[in-house]
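These notes are about the structure you will find just below.
2 protein chains.
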Amino acid sequence: MKENIGESLHRLMHNYRHQIRAAALEADIAMPVTHIRSLKCIDKIHNCSAKDISDKLSLDKSQVTRVLKELLTKSYITKASNPENHRSQLLSLTDSGREQLSRIMMLEHTAVERMTRNLTDHQIEDFIRISNIMISDSLSLTECDKQN
Amino acid sequence: MKENIGESLHRLMHNYRHQIRAAALEADIAMPVTHIRSLKCIDKIHNCSAKDISDKLSLDKSQVTRVLKELLTKSYITKASNPENHRSQLLSLTDSGREQLSRIMMLEHTAVERMTRNLTDHQIEDFIRISNIMISDSLSLTECDKQN
DNA sequence: AGATTTTGGTTGATAATGTCAACTGACAAA
DNA sequence: TTTGTCAGTTGACATTATCAACCAAAATCT
C-alpha cells in the first residue's frame, strides 16, 4: 500500500499545477508557478529575504535569484538593502505586484475549491497534517545537507 | 487552511524526490525518477504500451517516447510490435531491467519507510485515499483535454 | 587587531521535467 | 474510398532542479 504514495504524489502534484496554470491562463495571467509561490512568500513574510524564500519553498538559492530577477524586471517586487545586514536584502511587493497576487490568489482559491469539493474540512486538515509529518520526517534525515 | 495544500504538496514532492534520488545515488544507481516510474509501470502492466504509461503517470506522450528510447538503449526494456494492432507496441522488461528495478524498489521502500515512520497505517491509507479523490476531482474537470 | 569561517547572494552550466504543435503510419467509421 | 481517429515520433521551447565556483559582508577565532 505504502508503495503507492509516490505515484499518488506525482499525479496529485501534476494535476494541482495543471489547475493553477490553466486558471491563470484563462485569466490572461502568464506566470510560472514558482514565481507565484515566491510572490506569496514575499507577501507573507515581513522583510522577506531571498534566503527566506529558499528555505520556505525548498528552492535552490540560484533558482530564487533568477526568479527574483524576473519579478524585479516586471516590477512586481522591490529590493532594498538591509541597513542591519548588508549581505541580505529586503524584498517587498509593489502595488502592481500586490494586485497581481490578489488576482492569482482568487484563481487559486477556486482551483483548490474544485479539487477539494468532495472532501470534508476534516479530511483536508488530515491531509495537510500528514503531509507536514512526512515533510519534517524527510527533513530530519537531510539535515546534513547544508545546501539550499 | 485549504490555501496551504499547495505548499504542502510542493514541499512533500520535493522531499520525496530528493529521498529517492539520494538513495539511488548512494547505491550507485543513476536514473531519473521518470525512468524509474516508467520501469515500474512496465513491470506492473502486462503488455504495456507507451499510451498506458502516459495515462498512468500523467506524462506527455512525447516525454514517454523519449524515456523509452533511453531505457531501450540501456537495454532495460524491449519493444515488440503488437500483432493485434500495429499502431501500438508491447513493452516488457529485460532481465537486467527487472534486476535494476528490484534494486530500486528496495531503496524506495526504505525511503518511504523513513518518510512514513511517524505515521500509522491508517494515516497512510487516509492520505492515499484523499489524494485519489483530489486527483479524480481534478481530472473530471479536465476531461475536455484530449491531450496526454 | 588580523586571519578564518560562515552567510547571503550571484553566475554559469547542465540535467530533468513539462508543454505544445506538427507529423507519420495504422486503423476505424462513414 | 474518403475521412477521421489513434499511437507514437519529432522538434522546439519553457519550467524546474541541481551543483559548483565565486564575491562581499559579517561573525568567529586567536
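Chain order of the listed sequences is A and B. Going left to right, the first sequence walks through residues 1 to 148 as this note's numbering numbers them. Going left to right, the second sequence walks through residues 1001 to 1148 as this note's numbering numbers them. Positions of the beta carbon are idealized from the N, C-alpha and C atoms, including for glycine. Please read all numbers here as calculations on a predicted model, not as lab measurements.
Interface annotation, A:Met134: in contact with chain B, CB-CB separation under 8 Å.
Identification of chain B residues near A:His14 by a Cβ-Cβ cut-off of 7 Å yields Ser1058, ordered along the chain.
Scanning chain A for C-beta atoms nearer than 9 Å to the C-beta of B:Met1106 yields nothing, as the closest lies near 11 Å away.
Residue environment for B:Ala1111: buried (at least 16 other C-beta atoms within 10 angstroms of its C-beta). Remark: fewer than three beta-carbon pairs, one from each stretch, lie closer than 8 Å, so the segment 1006-1020 of chain B and the segment 1041-1050 of chain B are not flagged as touching. Segment contact: the segment 1091-1098 of chain B against the segment 79-93 of chain A, fewer than three CB-CB distances shorter than 8 Å; contact not assigned. For A:His86, the enclosing beta strand (DSSP E) stretches over residues Asn85 to Leu93.
With respect to the C-alpha of B:Asn1085, the residue from B:Asp1055, B:Ser1049 and B:Arg1098 having the closest C-alpha is B:Ser1049.
The beta carbons of A:Ser38 and A:Leu71 sit closer together than 8 Å. When only Cα atoms are considered, A:His10 and A:Pro83 end up about 43 Å apart. Below 8 Å, too few C-beta pairs join the segment 126-136 of chain A and the segment 1072-1082 of chain B to call them touching: fewer than three. Just measuring C-alpha positions, the residue of B:Phe1127, B:Lys1051, B:Gly1097 and B:Arg1087 sitting nearest B:His1035 is B:Gly1097.
Considered as a whole, the segment 16-100 of chain A harbours 33-44, 50-57 and 61-73 as its complete alpha helix (DSSP H) runs of no fewer than 4 residues, in chain order. Pairing B:Arg1129 with A:Ala80, the inter-Cα distance amounts to about 46 Å. For A:Met1, no alpha helix (DSSP H) segment is defined, and its DSSP state is neither H nor E. Looking only at B:Thr1116, B:Ser1140 and B:Thr1120, the smallest Cα-Cα distance to A:Gly6 is reached by B:Thr1116.
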